[in-house]
Amino acid sequence: MSTRGAPVRRQGPAEGTTIHGLSRDGRRSWSLPELDVEPVELPPAHRRSTPPALPEVAELDLIRHYTRLSQRNYGVDTGFYPLGSCSMKYNPKVAETAAGFAGFQRLHPLQPDATAQGVLELLWRLELALCEVTGMARATLQPPAGACGELTGLLIMRAHHADRGSERSKILIPEAAHGTNPASVRLGGYRAVTVPADDRGLVDVEALRGLVDDDVAGLMLTNPNTLGLFEEDIAEITSLVHGVGGLVYYDGANLNAIMGRTRPGDMGFDIVHINTHKTFATPHGGGGPGAGPVGVIEDLVPYLPVPRVERTREGFAMRDDEPRSIGRMHGFHGNVAVLVRAYAYVFLHGGNGLQEVSELAVLNANYLAERVRAAVPLAYPAGRPMHEFVATAARLKDETGIRATDLAKRLIDLGYHPSTVYFPLVVEEALMVEPTETESKETLDAFAAALRQAVDEARTEPELLHEAPVTAPVRRLDEARAARQLKLRW
Amino acid sequence: MSTRGAPVRRQGPAEGTTIHGLSRDGRRSWSLPELDVEPVELPPAHRRSTPPALPEVAELDLIRHYTRLSQRNYGVDTGFYPLGSCSMKYNPKVAETAAGFAGFQRLHPLQPDATAQGVLELLWRLELALCEVTGMARATLQPPAGACGELTGLLIMRAHHADRGSERSKILIPEAAHGTNPASVRLGGYRAVTVPADDRGLVDVEALRGLVDDDVAGLMLTNPNTLGLFEEDIAEITSLVHGVGGLVYYDGANLNAIMGRTRPGDMGFDIVHINTHKTFATPHGGGGPGAGPVGVIEDLVPYLPVPRVERTREGFAMRDDEPRSIGRMHGFHGNVAVLVRAYAYVFLHGGNGLQEVSELAVLNANYLAERVRAAVPLAYPAGRPMHEFVATAARLKDETGIRATDLAKRLIDLGYHPSTVYFPLVVEEALMVEPTETESKETLDAFAAALRQAVDEARTEPELLHEAPVTAPVRRLDEARAARQLKLRW
Amino acid sequence: MRFAPHTDADIKEMLEALGLGSLDDLFDPIPPALRLDRALDLTPGVSEQEIVDDLRSLASRNRAMDDLVCFAGGGAYDHYVPSVVWALAGRSELYTSYTPYQPELSQGVLQALFEFQSMVCELTAMEVSNASLYDGATALVEAVNMAREGAKSRVFVAEGVDPRYVETMRTYGRGSGYGPEPLEDAETLPEDTAAVVVQHPNVYGVLEDVRGLVEAVHAAGARVIQIFDPVSLGVLTPPGELGVDIAVAEGQALGNHLNFGGPYLGLIAARMADVRRMPGRIVGETVDVDGQVGYVLTLQAREQHIRREKATSNICTNQTLMALAATVHMAWLGPEGLEELGRQCAAKAAYAMERLTELPGVELLFPGAPCFKEFAIRLPAPAVDVRDAVLGRGYLAGVPAPGHPDALIVAVTERRTRADIDGLAAALGEVLAA
Amino acid sequence: MRFAPHTDADIKEMLEALGLGSLDDLFDPIPPALRLDRALDLTPGVSEQEIVDDLRSLASRNRAMDDLVCFAGGGAYDHYVPSVVWALAGRSELYTSYTPYQPELSQGVLQALFEFQSMVCELTAMEVSNASLYDGATALVEAVNMAREGAKSRVFVAEGVDPRYVETMRTYGRGSGYGPEPLEDAETLPEDTAAVVVQHPNVYGVLEDVRGLVEAVHAAGARVIQIFDPVSLGVLTPPGELGVDIAVAEGQALGNHLNFGGPYLGLIAARMADVRRMPGRIVGETVDVDGQVGYVLTLQAREQHIRREKATSNICTNQTLMALAATVHMAWLGPEGLEELGRQCAAKAAYAMERLTELPGVELLFPGAPCFKEFAIRLPAPAVDVRDAVLGRGYLAGVPAPGHPDALIVAVTERRTRADIDGLAAALGEVLAA
Ligand SMILES: Cc1ncc(COP(=O)(O)O)c(C=O)c1O
Ligand SMILES: Cc1ncc(COP(=O)(O)O)c(C=O)c1O
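Chains as they are written, first to last, in the working numbering: chain A, 1 to 490; chain B, 491 to 980; chain C, 981 to 1414; chain D, 1415 to 1848.
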């Protein structure tokens, strides 16, 4: 890639220079009103002797520094971003407009319900809509992300079993499960027991049969599963678990594949979390915030976290008087401004719109898989991918020594954000690709061509891949050194 | 400059691909409500046969295309931008916040005064503040830019003389005057007569004496003048013109040099325009919008354009019942949202703050001039520059063939936006540099070093300058071809 | 609050480097007699939060069009501005840059303006557009200046042209040496006619017979200048197809907020033969030394910074940012969206016309005249009083109709729902009954 | 409205490439019995302007803190958010990106988080910070998980810790196998104590003697976890200097809007010795193959995506964007600004305390106790009723004091003017007199 068409660049401090490096004694951005009351002295015992050494910079320093940093970052607004299991779709700007209304942005979490009827109604409507999409009875909007939603679900399972006086210790999860699943299982006070996959890449039902017993509190699954394949035996799977009194949890990270086509509730799931920052297009914010609403079937409603929005004769109210509730999962009501964006997305699309979202997400993934599978075979070529697919560079590695990560870095030089690599762990040299429905055929064709090119180069010009990236703000970084010689602050 | 630390780049359409090039039949961004009334047929005679071939793209196409274009652009938020005569200072974000309030943004220009008291009071307060800064009696905020302000002033002169039954044809302007001055003079129905400069780079008072007669309607001047020098004889100059019944116009583009130190009114000027997009930091918008308020002395108040905001017993009102007014200069009330930003700037700073702005603007210009004058001599080395200075690469050109434009292009490769070049026309190979007060000493030192480096390279590695720029999105563009083979649309 | 980064140490060092003792010394060139011997008489500087509170309270003392249901038009319209428009036009690399004198660092603005020019040409079916003027009224003035040459100097104005535009022409005309004259009969135009100005749809919202006018005016060897409504061109025949010579418009309706009248943008489009007479910036496509496509300001020999007194216009700073917003909005609409937008305005205006004229004492000012999104109604009471009374019920019913103290011009955009229109009818009915 | 770019032709071509006849075929893997045989029962899709109108009307049915003068605190505060904060955090290259798994394309986010960690360390005088947690309450839970190891499992909570935080601990504790216990006597802590939690300033705004507590707790071989207020640390002794082992806080006050409770961010800072026990993302500085400085996620062996069941936490998506905002705000404040901010909060709270306690029947809940920006007053009537009555006069007087139905906690930030405070006193006086 020549510098032709490159973004403009400016002279600036050396790469890596922090805002601290721009600091000059006595320089400032801050302004505050003149104090209009008597100053007071805090008790000497409590007084800080020297103020913290925060940077001292002018407002224009701030502007240029962080504008510069933003230009060193790649987002969905920059280009194609096919991270698997993340649904990096377009984040509608209209949602930002709405979230910016003072009537949402300037609300205090503890202001009286009577002064917050609009936002309470919004949360109520969103809860019902998410229940309709997932086939659940009621939901909590409190969990600030999916992992927290998982733990919420596990604590609900715990409370459910406790109420029935049954002590159970195991949660079944497939080997391919996302790392947050086992981590949440432990935090839920359970032990994770792995369910093997069969050669279709699906839950091995026979093996599962052998694993379910009355020490099983529940099973966690995402469907389509982490390989992007639909668990065809899901009905049998859920009933097996129900058979021993267990509950079945749906990890909603992959909900983008099925909206309007099937619902976790219809598959027999009892608890569902949703990642609004995936399916419902709330911006990922460089790593967060998200929101992880959790829906449950009727029987489990009493266990949902408090406070919850209820409709009363006097209007909407935040209620926390549910004795069986597991309690609070968040200091206040969850990531409300994220939920406002999710509301905008859900109600903009409506039912048919959401169904179309899933249809085209699945179309895009299948089309892209078709375009690249000759170069990088699918991990489970027999199955039809849903909204994403997992390919493997294992053979390429054997033949050329080029690894998935080398392909990823080369894709950077070819102008793309790479797919997820090395997840799921069960697939060697995995490339997990989720294009989402907001990408065009042209984009998919061009990305497929780039990936095929990279694979060809692995044989013809491997150094291009070993050296990559060479056009990014930095080249390959020494992660080992970062962990060995810890430098976690200036 | 290596690619190290460069901004991220993405694969995208070929450089220069327009939004039209991304168009696909049937693709769309737009959404409108379902029509909730009966559709109607327009008379066939008036109906358009085929809709305009606007681009058909998805919203994400729009986002990525214009985000990409923004990355091909350099603004004050990107880096140092020392365009002379433009006051490219930091544009405070707080002004954007205020201009975004629905209470300003969603006001209709023809809504009744009673429903617009807040904005009318804002315009009133701003008018008075600008009068205080310039030493004028009253002002109009209607002109949308400086050039329009100039014409407003000239039409006021015209009306003034007409009222006195005196037909005058000449307006005196210095050779170095900005192009808008003579252009406005003609549009004002006058002939521009050039006043020569003396070897100090100031108005040649003797020559002026020879030029003033009763056919002179007025004189236009900016002070500090276009060379960045203060017209020390200004009192004599204005009284000479007043002596023959002429009026003196102050081009406010250089107001950033003198706030709180002296005022056009005190120098004897009768009419003043202000560029809010320069002195008062309203964003330049890639070429506009601006605002060009015009202040006048007491005698000229009746001639100001209508409508004007007046304070009445019932509150503030838009008045247009002034028989002697020159009339309207704008379809409505001027660039109000720009004026809101100017208001924020003026009242944030207050009197002392504005004075400090000028003091530090002049300090920065003098300091930078001192740092570079050895490499590029000042056009008028004897005078002390005010807020900007004019240097000349004439000698460099004679010695090396390197021209001001080559230095400018090399500065681009060194990571800076160049200064103004080839203005004023009276200075050979002019470099007109205005750093403004919002730049730090570090920035000035670094820019000075870059400029000195470029001048050294003119002798040591001239090809670096001839080839430049090589790190920008495009290299030198063929302007002759653009004018010869006109391609003004896709 | 201040934005200058200077610390006391910086100031000291810099003064030392200059061999100066104090900031005062920098102002030596100013003769003592002229120095301001007092501080500026302005309120003292404040903090960011104070100025925001001040401005918020000023803003809260206006009734915004979220609070009033807006049926006001008259050249500024409450069309919907999609969120993408300012999310993109607000990118700081664009809005903190200035006129692209250094094209290598300004390809973003230049290409966007090239796209703007292209879309304005598509919209109007004209051959060439510039990169924006101040607003609609000043665009008309510039068009007149383009049309006037030598003996051909007189300018006639058809009925139904917005008086605000005519007043603006009159103001500028004093300098250029003409006064707009009312058009009596297009068939008998004098020799020295430079141009005839027509507005279509006109200030009362009525559709004009531009084709007929064009024939007559061209026969007299003069130019026709049409003031158009960009939003109408998805459904109405474009100026280019009507044979118009110069088309101008207020571009606010394309992606720009009402903003109490500005900043808006003036659109101007003409024939290629007149390109060298055009005012303002024009962007052209070219290539760089490597042959790669790029964009530059072109035909600068027309402009003030080169031609000075002989320039086609004095405009320098224009409305580029508004043009960027218009560009994004036009691309967001596309052909279908623009057409549907036009259809909806027309249908909703027709519905409003029907509902309002059902009211006793309310009748059309121009019965039977075809219109697009605006129409004028005659009221049984002074229009301004009626409008003010209806305000109390939450509706801005329209704008006073020029020359008709008892008439109101009602504008209906896609933003207005059937319920809004029924509500206005009800409110007006109550007011008139009272 | 839809955002997918697919034209009918695209869909047809793509299906053909897949050898499929219809979109339905894509869903073959779903057993027929499980397919939803009806459309989703949601309102039909709408246009952008309709959703904006819907959301605007919902927003208008809330009373925002521009409309009510806000004296509410209790963990969320109406501090001023400078305009630069979101002008920068809102840059789309940042907010539309995700967890920086590909550091070469994520240097912007990574460096900003490195700066965030550094500033949090400066602020708290602690050795290490992570890159943010969900919020203050969950940060406390994570801190407790850090502290609990093996036999050391019990967690004691000092008086004055926000009950909302305790409830959150209790919820999560059910899974982790502990229940927060009230701290009776720090001198006689049981062997198996993992940590003691203290909030300073506490939920009633009172300053606590953390130093004393630290001594006792360390003597018992347990850790002290302090909940702090970031804006207090310009004037109050930081946790690090108090000897605290783990410091956590609700970071909302740093550049984040109230947003009805979220998204906020949890701050957590600890000793370097505990770094491998920390939850969440941590950014480290390193170099690339050319030796140039760059930033990466580090110590990932702690995290769920590597360690799975053995991870220190299950957190994945965190609150990075809020951390970016906090970073810009901290840099905007600098040391002086933060100190002045603290001074103003303290002075204004003291003034409010004086004015309110002048009112008959109003007294301090904890007379003589030192406080920072918040304090609790006892009222002659049920606190909630008084609060609601004062609402009518445009003031949100505070939040109910936990455990004291007749008490209100009043928070005073730099946003409140003397006039606001006098106004509250007057309103409260009227209400109580009534
Ligand atoms: C399959 C799966 N489950 C759970 C999660 C956790 O969700 P979150 O990151 O919102 O906590 C993710 C997100 O990365 C995921 O991909
Ligand atoms: C000296 C001078 N006068 C007048 C102008 C014209 O002002 P505007 O561009 O706002 O029309 C300028 C701006 O470039 C200028 O520098």
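By construction, the Cβ of each residue, glycine as well, lies at the ideal position given by its N, Cα and C atoms. Owing to the predicted nature of the structure, the values given are computational and were not obtained by experimental measurement.
Item to complete: Using a Cβ-Cβ cut-off of 8 Å, state whether residue 1308(C) counts as contacting chain B.
Response: Interface residue, yes.
Discussion item. Buried or exposed for residue 443(A), going by 16 or more other Cβ atoms inside 10 Å?
Written reply: buried
Worksheet entry | Through-space distance from residue 25(A) to residue 986(C), alpha-carbon basis | 10 Å
Fill in: ligand 2 heavy atom lying under 7 Å from the CB of residue 741(B)
For ligand 2, at least one heavy atom lies less than 7 Å from the Cβ of residue 741(B).
Item to complete: Sort out for me which residues DSSP pairs residue 1484(D) with in a bridge.
Response: BP columns for residue 1484(D) point to 1810(D).
Worksheet item: Tell me which same chain residues have a C-beta within less than 7 Å of the C-beta of residue 1308(C), skipping the five on either side of it?
Response: 1064, 1065, 1068, 1069 and 1235
Worksheet item: Where residue 854(B) and residue 877(B) are concerned, what is the direct C-alpha to C-alpha distance, given to the nearest angstrom?
Response: Taking the straight line joining both Cα atoms gives about 7 Å.
Worksheet item: If you compare alpha carbons, which of 155(A), 70(A) and 181(A) is closest to residue 188(A)?
Response: 155(A)
Item to complete: Mind listing, in chain order, the continuous alpha helix (DSSP H) runs of no fewer than 4 residues lying wholly within the segment 1518–1606 of chain D?
Response: 1521–1538, 1550–1561 and 1577–1590
Worksheet item: What residues from chain D crowd round residue 86(A), counting only those whose CB sits closer than 9 Å?
Response: Per Cβ cutoff of 9 Å: 1512 and 1513.
Worksheet item: What does residue 563(B) touch in chain A if you count any residue whose Cβ is under 7 Å from its own?
Response: Going along chain A in sequence order, the residues near residue 563(B) (Cβ under 7 Å) are 8.
Worksheet item: What residue does the beta strand (DSSP E) around residue 1355(C) start on, and which one ends it?
Response: 1354–1358
Fill in: Neighbour-count burial assignment, residue 1018(C), 16 or more Cβ in a 10 Å radius
exposed
Practice prompt. Could you tell me whether the Cβ of residue 1109(C) comes closer than 8 Å to any Cβ of chain A?
Written response: no
Item to complete: Using 10 angstroms around the beta-carbon of residue 1834(D), count the other beta-carbons present and answer buried if the total reaches 16, otherwise exposed.
Response: Only buried fits residue 1834(D), as 16 or more other CB atoms lie within 10 angstroms of its CB.
Worksheet item: At what residues does the beta strand (DSSP E) containing residue 580(B) begin and finish?
Response: Residue 580(B) -> no beta strand (DSSP E), and no H or E assigned at all.
Worksheet item: residue 1640(D) by DSSP, collapsed to three states: which one?
Response: strand
Worksheet entry | Any heavy atom of ligand 1 within less than 7 Å of residue CB: hits in chain order | 85(A), 86(A), 145(A), 146(A), 147(A), 148(A), 150(A), 178(A), 180(A), 181(A), 222(A), 226(A), 251(A), 253(A), 254(A), 275(A), 277(A), 290(A), 292(A), 1729(D), 1730(D) and 1731(D)
Worksheet item: Is there at least one Cβ from chain A nearer than 8 Å to residue 549(B)'s Cβ?
Response: yes
Discussion item. What does DSSP give as the partner residue(s) for residue 737(B) in the beta ladder?
Written reply: 708(B)
Item to complete: Measure how close the beta-carbons of residue 1508(D) and residue 1523(D) come, nearest whole angstrom, since I'm counting them as under 8 Å.
Response: 6 Å
Practice prompt. Figure out for me which residue from 228(A), 227(A), 174(A) and 180(A) has the closest Cα to the Cα of residue 205(A).
Written response: Closest by alpha carbon: 174(A).
Worksheet item: Are the beta-carbon atoms belonging to residue 1196(C) and residue 1132(C) less than 8 Å from one another?
Response: no
Worksheet item: Can you tell me whether DSSP reads residue 502(B) as helix, strand or coil?
Response: coil
Worksheet item: When you compare only the Cα positions, how much space is there between residue 802(B) and residue 609(B)?
Response: If I take the Cα positions, the gap works out to 15 Å.
Discussion item. Would you say residue 515(B) lies against chain A (beta-carbon separation less than 8 Å)?
Written reply: no
Practice prompt. Measuring only between beta-carbons, confirm whether residue 1317(C) sits less than 8 Å from chain B.
Written response: yes
Worksheet item: Roughly how many angstroms separate the alpha carbons of residue 1(A) and residue 964(B), rounded to a whole number?
Response: Confidence is the limiting factor: at residue 1(A) the pLDDT is only 37, short of 50, which leaves the residue's position unreliable, though a coordinate-based value still follows. Each residue's Cα considered, the two are about 14 Å apart.
Practice prompt. Report yes if the C-beta distance between residue 1086(C) and residue 567(B) is below 8 Å; otherwise report no.
Written response: No.
Fill in: Coarse secondary structure for residue 294(A), derived from DSSP in three states
In this structure, residue 294(A) counts as strand in the three-state DSSP scheme.
Worksheet entry | Closer than 8 Å to chain D by CB, residue 587(B) | yes
Practice prompt. Whole angstroms is fine: what's the gap from residue 1645(D)'s alpha carbon to residue 526(B)'s?
Written response: 52 Å
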